[in-house]
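Input: a single structure, listed below in structure tokens.
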């Protein structure tokens, strides 16, 4: 076992949401250090105030204002953290949203481009922090996808297509982790996981607990896993 999330440093990408707050709280409760990243400084400050660490444990989370859709900004963030001797052991990707309706003909390019930001951010963050993840003795990464990938509907075609691409990227990360382990003749110690939900509202705490719990499992047991979450 990896020894749990205690002492790990976890980056939450797109942290200023109900899911980001739940994840930050769960990770801090588990003894992890959190780097909460978003574009809105005021929302990041509110998040930091809402997450309380153990007495005497110091600041619960570190916040970073960054547009994850801009590659140079993400690389600058990674370099700034490394300069402060902060190395990331995990990433929870929460950048995204939903746009849809109008059948297939109603799937506009504007909606697609807005949704595509989630995929772009995922690519930027995982590439910029791959060095950290590869060096960690227990790296864990997860994205939140949708059951729409398995059953896409015409009115949500843009959304399902982007989520399918995000899943492909996350599974490619899993293969990369496995290849690195094989090439290094060592045990697999990193895992990339896809969480699928029908709707995230109401599942924020479930997602947070399941993500924090990834450090309680062997990497070989969860790498490349697709996990469906539900209220039950």
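Residue numbers (our numbering): 6 to 237. Quick reminder that beta carbons are idealized off the backbone N, C-alpha and C, glycines included.
Assigned exposure category for residue 110 - 16 Cβ within 10 Å defines buried:
Translated into positions along the chain shown, residue 110 becomes position 105. Classification of residue 110: exposed, given that the 10 Å Cβ count is below 16.
Measuring CA to CA, which of 216, 230, 226 and 234 is closest to residue 35?
Taking the first residue of the chain shown as position 1, residue 35 is located at position 30. Checked all of 216, 230, 226 and 234; the closest Cα to residue 35 is 216.
What are the partner residues of residue 98, as DSSP defines its beta bridges?
Mapped onto the chain shown, residue 98 falls at position 93. DSSP output for residue 98 lists 18 and 148 as bridge partner(s).
Beta-carbon proximity check, residue 209 vs residue 23, cutoff 8 angstroms
As a working mapping, residue 209 is identified with position 204 in the chain shown. As a working mapping, residue 23 is identified with position 18 in the chain shown. Closer than 8 angstroms, so yes.
Considering only their Cβ atoms, is the gap separating residue 122 from residue 100 smaller than 8 angstroms?
Taking the first residue of the chain shown as 1, we reach residue 100 at position 95. Taking the first residue of the chain shown as 1, we reach residue 122 at position 117. Cβ atoms of residue 100 and residue 122: closer than 8 angstroms.
Just checking, does the region 159-176 make contact with the region 213-228 on the three C-beta pairs under 8 angstroms criterion?
Cβ pair count under 8 angstroms is below three, so no.
If you check the beta carbons only, do residue 201 and residue 233 fall under 8 angstroms apart?
Within the chain shown, numbered from 1, the residue matching residue 201 stands at position 196. Within the chain shown, numbered from 1, the residue matching residue 233 stands at position 228. Yes, Cβ-Cβ distance for residue 201 and residue 233 is below 8 angstroms.
Same chain, Cβ closer than 6 angstroms to residue 71, neighbours up to 5 away in sequence not counted:
Translated into positions along the chain shown, residue 71 becomes position 66. 42, 78 and 82.
Please identify the residue among 186, 91 and 139 whose C-alpha is closest to the C-alpha of residue 37.
Numbered from 1 along the chain shown, position 32 holds the residue referred to as residue 37. Of the candidates 186, 91 and 139, the one whose C-alpha sits nearest the C-alpha of residue 37 is 91.
Please classify residue 239: is it buried, with 16 or more other beta-carbons within 10 angstroms of its beta-carbon, or exposed?
This structure leaves residue 239 out entirely; the chain is present only between 6 and 237.
Assign residue 6 to buried or exposed, taking buried as 16 or more other Cβ atoms, counted over all protein chains shown, within 10 Å of its Cβ.
As a first step, residue 6 is located in the chain shown; it is residue number 1 there, counting from the start. Note that residue 6 scores a pLDDT of 41, beneath 50, so its modelled location is shaky and nothing firm can be said.
Exposed or buried, residue 191, counting other C-beta atoms within 10 Å across all chains shown (16 or more means buried)?
In the chain shown, the residue the question calls residue 191 occupies position 186. Classification of residue 191: exposed, given that the 10 Å Cβ count is below 16.
Straight-line Cα distance separating residue 87 from residue 48
Within the chain shown, residue 48 is the residue found at index 43, counting from 1. Within the chain shown, residue 87 is the residue found at index 82, counting from 1. Counting only the Cα atoms, residue 87 lies some 24 angstroms from residue 48.
Neighbour-count burial assignment, residue 158, 16 or more Cβ in a 10 Å radius
Mapped onto the chain shown, residue 158 falls at position 153. Exposed, by the Cβ-count rule.
Nearest to residue 151 by CA position, among 50, 206 and 10, is which residue?
Looking up residue 151 in the chain shown gives position 146. Distances from the CA of residue 151 to each of 50, 206 and 10 were compared; the closest alpha carbon is that of 206.
6 angstroms Cβ shell around residue 53 - same chain, five flanking residues per side excluded
Position 48 of the chain shown holds residue 53. Once the five neighbours on either side are set aside, the close Cβ partners of residue 53 are 66 and 68.
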